[in-house]
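The structure appears below as structure tokens.
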Amino acid sequence: MIQVANVSKVYRRGKNEVRALDDVTLTVPRGQFLSVMGSSGSGKSTLLNLLGALDVPTSGTLKIDGREISRFPDDELSRFRRDRLGFIFQFFNLLPTLTAIENVILPELLAGKSRDELEPKARALLEQFGLTGRDTHRPDELSGGQMQRVAIARALLSEPALLLADEPTGNLDSKTGGEVLRLIREATRARNLTVVMVTHDAHAAEVGDRIVRLADGRVVGDDPVRVAA
Ligand SMILES: Nc1ncnc2c1ncn2[C@@H]1O[C@H](COP(=O)(O)OP(=O)(O)O)[C@@H](O)[C@H]1O
Ligand SMILES: [Mg+2]
């Protein structure tokens, strides 16, 4: 589903050059849960932002289903982001003035769908994710784990094919983080989603099917996750 070929990303700051990604080549089949590990500054977020079409590579190509993301015309790019892609973040990125259910439906509401159509679906997702009765809570009335569950519901509402997660448990304690990881694992497996999750936490990475390791923008490891007997 994803083909990354010889991708480099160079940031220039005055005379300085930072090679955030350096000749990365990677294929991710549909339905795979890929964890990308690496220390801070190794290029994880850069890779995710390129996959989410939030940024463009300096060189190389990124293809989704055989088509190069950077060549998508504008209307197709916004459709790709809206319909095919879910994104979750370390700091949840919920709007503080909206309730849980309003946060979940907002992207689809902005895409022109009706509230009447979206709310039952959103409520079902929130219930499925253990948030029954929390629909009308605002983010500051929810725990970190609950906020991330709302964000996962928001990411999955449009039934995307690809979920990108940037340190989704980076702001959670290990117990809550473990629960959120299991939820991501189960919810994406049930939907046959392709997942790319970046993390600097070796334990979190093991929830995936495969772990790619980045160091200084290069792939330095690529291993299947061994399933415990
Ligand atoms: N917008 C930017 N401008 C300049 N340098 C950047 C920018 N974004 C990231 N970098 C640099 O690129 C490298 C990789 O960053 P990043 O992908 O955020 O790493 P990670 O997510 O693994 O911590 C770092 O050295 C970082 O400082
Ligand atoms: Mg990062």
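Going by the working numbering, the letters in the sequence shown line up with residues 53 to 281, in that order.
All C-beta atoms, glycine included, are put in the ideal place defined by N, C-alpha and C.
1. Go ahead and pull the three-state DSSP assignment for GLU258.
2. In this structure, how does DSSP classify ALA239 when only helix, strand and coil are distinguished?
3. What do you reckon, are the CB atoms on ILE263 and SER87 nearer than 9 angstroms?
4. With burial defined as no fewer than 16 other Cβ atoms inside 10 Å of the residue's Cβ, what is the status of VAL284: buried or exposed?
5. Does the beta-carbon of VAL250, which I'm using as the reference point, lie nearer than 8 angstroms to any heavy atom of ligand 2?
6. Pair every Cβ in the segment 232-246 with every Cβ in the segment 203-219, then say whether three or more of these pairs are closer than 8 angstroms.
7. What would DSSP say about GLN198, mapped onto helix, strand or coil?
8. Is the closest heavy atom of ligand 2 to the C-beta of GLU219 under 8 angstroms?
9. Mind checking which residues open and close the beta strand (DSSP E) that includes ASP75?
10. Below 9 angstroms between beta carbons: does that hold for ASN223 and GLY196?
11. Taking just the CA atoms, how far does THR98 sit from VAL108?
12. With a threshold of 16 other CB atoms inside 10 Å of the CB of PHE132, please say whether the residue is buried or exposed.
Based on what the coordinates show:
1. coil
2. helix
3. yes
4. Residue 284 lies beyond the range of the chain shown here (53 to 281); nothing can be said about it.
5. yes
6. yes
7. helix
8. yes
9. 68-80
10. yes
11. 10 angstroms
12. buried
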